[in-house]
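Participant: The C-terminal residue of the sequence shown carries number 1714 in this note's numbering, and the numbering is unbroken.
Heads up, the beta-carbon is just placed ideally off N, CA and C, and yes, glycines get one too.
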Amino acid sequence: MSASGTILTALLLTVSIGHAASISDLMEEARRNNPDILAARRAWQAAAQVPSQVTTMPDPTVTVQHLSVGSPVPFAGYTNSDFAYIGFGASQDLPYPGKLKLKGESAREDVAIARDKLDTVTRSILQQVKEAYFQLAAIQETLAVLDRDSRLLEQIENIADARYRVGQGIQQDILKAQLERTKLLRETARERELLGSGKAQLTKLLNRPLDSSSPDLSAERLIESPLRYTAEELLAKARTQNPAIASQQEMVKRQSLGVEMARKDRYPDFNVQYQWQHTADQFRDYYMVSFSARLPIYRSRKLNPELAQATEELGRSEREYESQIQAAYFDVRDQYLAAQTSSQLLTIYREGLIPQALATYQAGLVAYQGGRQDFETLLSSFMDVLNFDQEYWKTLAEHETALSRIEQLTGLALN
C-alpha cells in the first residue's frame, strides 16, 4: 500500500462513530436540558403569576392617631379636654369600575404571549437539533463514501501499476492515481473537521458538558421523508399553528386592551376611609367616614398623549402581525420549493446518475484493463461516482432540513 493510502486509512480510523442516537431521543433531551427552552419556560411560569396580582384590590391602609392638648407629653389633656383623643382608622383605595378587569385581561394576554414565546423557542431549538443531526448523518455517509472510493482508487492504482510493469501502461497513470488518493485524504480531513463541529453544535444544543465525560454522538442513517401536504395546506397550518403569528396576534389584543385602559384612566379612582376616635370615658367617642376621588384633570399634558400613545402602539402591533403572516407564508413557500426540488434531485441521483455513473466506471475499469480505454477517461468516470455519491447525501440532508423548517413553521410532524 502507498504512503498516502496508509495515511488515509489511519485518518479514517480516527473518526470515531459513537453509538447512533435517534433524533427523537435527542429532541427530548433538548426539551429537558436546553437553557434557552428552560429560560423561556421560567418566563412563562413567571408571567402566569401576574393576573391574580393585578386583579386584586390595593392593600388597605390602617391609621393610628394621637392628639394631646396643652402639652406635647402623650395623653396630655386626655381627661379634661374633649379635643385630646386616640384614634384608629382604615382606608381603602377603589379603582374605577372595570380597571382591574382590564389589567387582568392584559396580564392574561402576557401569559399567552410568554407561552407562544416558549413554543417559538422550543421549535427553533428542535429545528436546530434536527438540522445539526441531518448534517452529522450526511457527513458520516460522506466519510463512508470516501473510505469506499479510496479502496476503488487503490484498485485502479494497482491495475495501473500492473500494466506499467508489463509495458502496457505509463508511470504517469500510477502518479495520477496516487494524486487522487491524496486529494481524498484532504477531503477526509475536511469532512472530519465538519464532523467534529457538528458534534460540538449538537452538544451545545443538548447542554451536555464539553469534555470527555460527554458521550460521543453519531446519527442514524438518513432516509428520505415524503412530503404529503400541498403548499396551500401548509400555509393554512402556518396561519393557525405558527407560534410567532399567534404571539403577534396576542400582542394586538394586548395593545387593544391598552387603548381601553388609557380611556379608563380618564375616570377618577376613589378612596373610602373610616375612623374611630376615643377620649376619656366622660366624653363621647367620635366616628368619621370620608370619601375622596382622584380627579384626572391634566388631559392635554397627560391623558390625551397616553391615549394617543396606546393607539399608535395598537397600529404598530397590527402592522407587525400582518408582516409576521407574510414572513411565515414566504418561509413556508420557500422551504416547500426546496423540499420539492431536493426530492426530485434525489430521485434523479438514485435512479439515474449514481447507477449510470457506477456502470460507466465498472465498464471503463474492464476496458482499461484490456487496453481499450485510456486512464484519463477511467479516472473521470471514477470521479463521477465519487461526486454523485457525495452530492446525494448532501441533497438528502438539505431535503430533511427543509422539512424540519416546515415543521417549525406549521407544527406538523414530517421527518
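Do L1483 and L1445 have their beta-carbon atoms positioned less than 7 Å apart in this structure?
Facilitator: Along the sequence shown, one-based indexing puts residue 1445 at 146. Along the sequence shown, one-based indexing puts residue 1483 at 184. Yes, the Cβ-Cβ distance between L1445 and L1483 is below 7 Å.
Participant: How big is the Cα-Cα spacing for P1542 and L1501?
Facilitator: Position 243 of the sequence shown, counting from 1, holds the residue named residue 1542. Position 202 of the sequence shown, counting from 1, holds the residue named residue 1501. Distance between the alpha carbons of P1542 and L1501 is about 24 Å.
Participant: Count the other C-beta atoms from every protein chain shown that fall within 10 angstroms of the C-beta of Y1660, then say buried if there are 16 or more, exposed otherwise.
Facilitator: Here the question's residue 1660 lines up with position 361 in the sequence shown. Looking at its Cβ environment, which holds 16 or more other Cβ atoms inside 10 Å, Y1660 is buried.
Participant: According to DSSP, which residues form a beta bridge with D1392?
Facilitator: Your numbering for residue 1392 matches position 93 in the sequence shown. Beta-bridge pairing links D1392 to N1570.
Participant: Could you please give me the residues that DSSP links to V1588 through a beta bridge?
Facilitator: For the purposes of this step, residue 1588 is taken as the residue at position 289 of the sequence shown. DSSP, once it has assigned bridges, lists Y1573 as partnering V1588.
Participant: What are the complete beta strand (DSSP E) segments, minimum 3 residues, inside the region 1368-1429?
Facilitator: You should have 1384-1393.
Participant: Could you tell me whether the region 1689-1708 touches the region 1412-1426, using the rule of 3 or more Cβ pairs below 8 Å?
Facilitator: Verdict: yes, contact present.
Participant: DSSP three-state label for L1366, please.
Facilitator: By 1-based counting over the sequence shown, the position of residue 1366 is 67. It is a strand residue.
Participant: Leaving out the 5 sequence neighbours to the left and right, which residues in its chain are closer than 8 Å to I1473 when beta-carbon positions are compared?
Facilitator: As a working mapping, residue 1473 is identified with position 174 in the sequence shown. The answer, listed in chain order, is E1456, A1459, D1460, Y1463.
Participant: To which residues of the same chain is P1357 closer than 7 Å at the C-beta, ignoring the five residues directly before and after it?
Facilitator: As a working note, residue 1357 is residue 58 in the sequence shown. Cβ within range, chain order: D1392.
Participant: May I have the straight-line CA-CA distance separating Y1566 from M1560, to the nearest angstrom?
Facilitator: One-based indexing of the sequence shown puts residue 1566 at position 267. One-based indexing of the sequence shown puts residue 1560 at position 261. Taking the straight line from one Cα to the other gives about 10 Å.
Participant: Of all the alpha helix (DSSP H) runs that stay within the bounds of the region 1466-1532, which reach a length of 4 or more residues?
Facilitator: Whole alpha helix (DSSP H) segments, 4+ residues: 1470-1504.
Participant: For D1515, count neighbouring C-beta atoms within 10 Å of its own C-beta (all shown protein chains included) and say buried if the count is 16 or more, exposed if not.
Facilitator: Here residue 1515 refers to the residue found at position 216 when the sequence shown is read from its first residue. Exposed is the call here.
Participant: Could you tell me which of P1350, L1366, Q1576, S1589 sits nearest to S1390, measuring between CA atoms?
Facilitator: Taking the first residue of the sequence shown as 1, we reach residue 1390 at position 91. Minimum Cα distance to S1390 is reached at S1589.
Participant: Is it right to say T1441 is buried, meaning 16 or more other beta carbons lie within 10 angstroms of its own, or is it exposed?
Facilitator: Looking up residue 1441 in the sequence shown gives position 142. Per the 10 Å Cβ criterion, buried.
Participant: A1319 bridges to which residues according to DSSP?
Facilitator: Stepping through the sequence shown from its first residue, residue 1319 is reached at position 20. Paired residues: S1517.
Participant: One question on the structure: do T1694 and L1644 come within less than 7 Å of each other, judged by their Cβ atoms?
Facilitator: As a position in the sequence shown, residue 1694 is number 395, starting the count at 1. As a position in the sequence shown, residue 1644 is number 345, starting the count at 1. Yes. Within cutoff.
Participant: Got a sec? Which residues, its chain only, sit under 6 Å from A1592 by beta carbon, not counting five neighbours each side?
Facilitator: Working through the sequence shown from its first residue, we reach residue 1592 at position 293. Cβ neighbours of A1592 beyond the five flanking positions: P1567, F1569.
Participant: Does V1361 come out as helix, strand or coil in the three-state DSSP assignment?
Facilitator: Residue numbering aside, residue 1361 sits at position 62 when the sequence shown is read from its first letter. V1361: strand per DSSP, three-state reduction.
Participant: Given that a residue counts as buried once 16 or more other Cβ atoms are within 10 Å of its Cβ, and exposed if not, what is V1420?
Facilitator: Numbered from its first residue, the sequence shown carries residue 1420 at position 121. The residue is buried, with at least 16 neighbouring Cβ atoms inside 10 Å.
Participant: Cα separation between H1698 and T1646?
Facilitator: In the sequence shown, counting from the first residue as 1, residue 1698 sits at position 399. In the sequence shown, counting from the first residue as 1, residue 1646 sits at position 347. Computed Cα separation, rounded: 12 Å.
Participant: If I follow the unbroken alpha helix (DSSP H) through E1690, where does it start and stop?
Facilitator: The residue you call residue 1690 lines up with position 391 of the sequence shown. From DSSP, the alpha helix (DSSP H) with E1690 extends over 1674-1709.
Participant: Pull up the distance between the alpha-carbon of A1346 and that of D1683, whole angstroms please.
Facilitator: Residue mapping note: residue 1346 aligns to position 47 of the sequence shown, counting from 1. Residue mapping note: residue 1683 aligns to position 384 of the sequence shown, counting from 1. Taking the straight line joining both Cα atoms gives about 58 Å.
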